[in-house]
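Report on the structure given below.
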Amino acid sequence: MAQTFVLKTLLDFASAHSLRGYPGDCAKLHGHNWKIEVQVAGTQLNEIGMVIDFKEIKRHAKEVVKELDHTFLNDHAHFQELNPTAENIAVYIFKEIEKRIQSPEVKMHSLTVWENDRNCVTYSE
Ligand SMILES: Nc1nc2c(c(=O)[nH]1)N=C([C@H](O)[C@H](O)COP(=O)(O)OP(=O)(O)OP(=O)(O)O)CN2
Ligand SMILES: [Zn+2]
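Right under this line is the structure:
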């Protein structure tokens with residue numbers, strides 16, 4: 139089997155949301171300090187022994203997350219129809235980072251969104 143390297147980098151952001159149609163308190167405006175785990179995978183190392191520089195993944199991830207930081211997520215264009223659940227946020231961030239990765243050798247592996255210390259969602263394709 140081919141060797142595979144899975145790289146993980148972490149970042150966070152703060153934002154508010156309210157879950158439309160939720161039968162409980164989460165339908166009310168409230169906030170989270172979201173923690174994000176970005177995992178990318180590759181099978182090849184470059185001439186300096188990296189799949190991709192962590193700094194590059196982080197740069198892409200920060201660019202995506204910056205747009206969400208200190209906002210009300212329900213106002214974001216992507217979440218006008220879709221509820222800003224941890225699941226939908228994970229899909230959104232996954233795909234936005236994927237668009238930015240230039241190297242054909244490097245693939246998005248998974249994206250984990252932690253709502254708090256207890257609950258997280260991991261999305262992969
Ligand atoms: N599958 C999902 N379930 C829930 C989501 C979600 O995005 N996906 N989101 C929420 C709310 O956003 C809510 O903020 C969750 O926070 P909290 O109530 O603090 O969560 P806990 O379950 O850890 O809290 P308890 O105090 O243990 O009830 C809800 N569900
Ligand atoms: Zn919430």
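Sequential numbering from 139 applies to the sequence shown in this note's numbering. Glycine residues also receive a C-beta, built at the ideal position from the N, C-alpha and C atoms.
A contact is defined here as three or more CB-CB pairs under 8 Å, and the region 245 to 262 meets this definition with respect to the region 169 to 189.
In this structure the region 190 to 208 does not touch the region 156 to 170; the number of beta carbon pairs closer than 8 Å is below three. In this structure, K233 sits away from L149, with a CB-CB distance that is not shorter than 8 Å. Sixteen is the threshold: when 16 or more other Cβ atoms of the shown chains lie within 10 Å of the Cβ of I231, as they do, the residue is buried. Taking C-beta atoms as the reference points, A179 and K245 count as a pair closer than 8 Å. In the same chain as H247, and ignoring 5 residues on each side of it, the C-beta atoms closer than 6 Å to its own belong to V144, Q177, V178, A179, in chain order.
The C-alpha of E185 is placed about 39 Å away from the C-alpha of N257.
When the beta-carbon positions are compared, A165 and S153 stay at least 8 Å from each other.
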